[in-house]
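**Student:** Before we start, here is the structure in question, set down as structure tokens.
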Amino acid sequence: MIKFWWVRHAPVIGNDNRCYGNNEVDCDVSDKNSFKNIVSILPKNADVYTSNLSRTIKTFNATVEEGLIYRKHIIDCRLVEQDLGAYSGIKYNELESLIKKKNVYDKNWLMSYSHKPPNGESFYQLCKRVIQFIDEILLKFSEKNIIIFSHGGPIRAAIAYAINYNIKKVISIEIQNSKVSLIQYDKNRDGKLLFINK
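Residue numbers for the sequence shown follow my numbering, so the first one is 1 and each next one is one higher.
What follows is the structure in structure tokens.
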């Protein structure tokens with residue numbers, strides 16, 4: 001069995017209610033109990049992956065401070081949040097108006113999964129890079145625990161891939177900050193979502 005332990009980063013702070021996507025924004029790691037909870041759930045001595053953004057690395061480090069024992073830490077840019085391109089930094093209410101004018105609004109994910117922001121990427125493109133990451137792990141190992149500190153978008157993409165769920169529908173799933181979701185693959189590469197937001 002290969003198990004992917006997905007952890008969404010701690011809550012974002014200081015973004016002034018603006019869309020941030022794959023921009024650098026800070027996160028609040030003051031809630032030590034949330035990291036103790038993460039440690040109590042995650043396996044020991046596993047490889048840890050994070051995106052290249054500081055909020056996932058900061059969340060990982062806060063978890064280590066509360067007792068996480070891991071084997072090695074790898075940064076992988078494929079685990080980053082959706083690139084919102086020209087929409088990055090726009091206030092959410094302003095972006096909603098803009099997206100509605102373009103007729104690509106989705107109440108669950110800012111915009112349609114297939115809409116590519118100018119100089120950015122669509123949610124569908126995000127899914128493709130996350131799937132590439134997962135497939136590499138599945139081809140390389142038959143038994144492994146993989147811990148991933150990432151973002152809401154990539155975690156939704158991983159869930160959709162594991163259970164063959166419609167990408168259009170998976171964006172409505174709430175992925176909570178500082179919570180763990182577990183996906184398991186068997187030897188036939190059949191995926192199963194064991195729990196979410198624990």
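No residue lacks a Cβ here, since even glycine has one placed at the ideal position from N, Cα and C.
#1: In whole angstroms, what separates the C-alpha of residue 77 from that of residue 30?
#2: Quick test of your reading: residue 84 and residue 117, contact by CB under 8 Å. State the CB separation rounded to the nearest angstrom.
#3: Work out the CA separation of residue 80 and residue 140 for me, nearest whole Å.
#4: What residues are listed by DSSP as bridge partners for residue 26?
#5: Would you call the segment 156-174 and the segment 14-30 in contact, with 3 or more CB pairs under 8 Å?
#6: Per DSSP, residue 147 is paired with what?
#7: In the DSSP output, which residue or residues are listed as bridge partners for residue 180?
#8: Could you tell me the distance, in whole angstroms, from the CA atom of residue 120 to the CA atom of residue 71?
#9: Rank 166, 10, 39 and 49 by C-alpha distance to the C-alpha of residue 175 and give the top, closest one.
#10: Ignore the nearest five residues each way along the sequence and tell me which others in residue 105's own chain have a CB closer than 6 Å to its CB.
#11: Can you list, in chain order, the stretches of the beta strand (DSSP E) that have 3 or more residues and sit fully within the segment 35-88?
#12: DSSP state of residue 124, grouped into three classes?
#13: Less than 7 Å between C-beta atoms, sequence neighbours within five positions excluded: which residues of the same chain meet that for residue 189?
#14: How far does the beta strand (DSSP E) with residue 192 in it extend, from its first residue to its last?
#15: DSSP state of residue 92, grouped into three classes?
#16: When you compare each of 23, 1 and 34 to residue 8 by their alpha carbons, which one comes out closest?
#17: I need the straight-line Cα distance from residue 54 to residue 147, nearest angstrom please.
#18: Using DSSP's beta-bridge definition, name the partner residues of residue 18.
#19: Which one of 42, 22 and 168 has the shortest CA to CA distance from residue 109?
**Tutor:** Let's see:
#1: Cα to Cα, the separation comes out at about 26 Å.
#2: Distance from residue 84 to residue 117 at the Cβ level is roughly 5 Å; contact confirmed, criterion being Cβ atoms closer than 8 Å.
#3: Spanning the alpha carbons of residue 140 and residue 80 requires a straight line of approximately 22 Å.
#4: Residue 26 is bridged to 13.
#5: With the cut-off at 8 Å, the segment 156-174 and the segment 14-30 do not touch.
#6: The beta-bridge partner set that DSSP reports for residue 147 consists of 5 and 48.
#7: Bridge partners of residue 180: 7.
#8: Their Cα atoms are separated by approximately 34 Å.
#9: Closest by alpha carbon: 10.
#10: These residues qualify, in order along the chain: 99.
#11: Those beta strand (DSSP E) runs which fall completely within the segment 35-88 and span 3+ residues are 46-50 and 70-75.
#12: In the three-state DSSP reduction, residue 124 falls in the helix class (H, G or I).
#13: Excluding sequence neighbours, residue 189 sits near 138.
#14: Residue 192 -> beta strand (DSSP E) spans 191-195.
#15: The answer is helix: DSSP assigns residue 92 an H, G or I state.
#16: The residue among 23, 1 and 34 with its C-alpha nearest the C-alpha of residue 8 is 34.
#17: Here the C-alpha atom of residue 54 lies approximately 17 Å from the C-alpha atom of residue 147.
#18: DSSP output for residue 18 lists 91 as bridge partner(s).
#19: Of 42, 22 and 168, the smallest CA-CA separation from residue 109 is found for 168.
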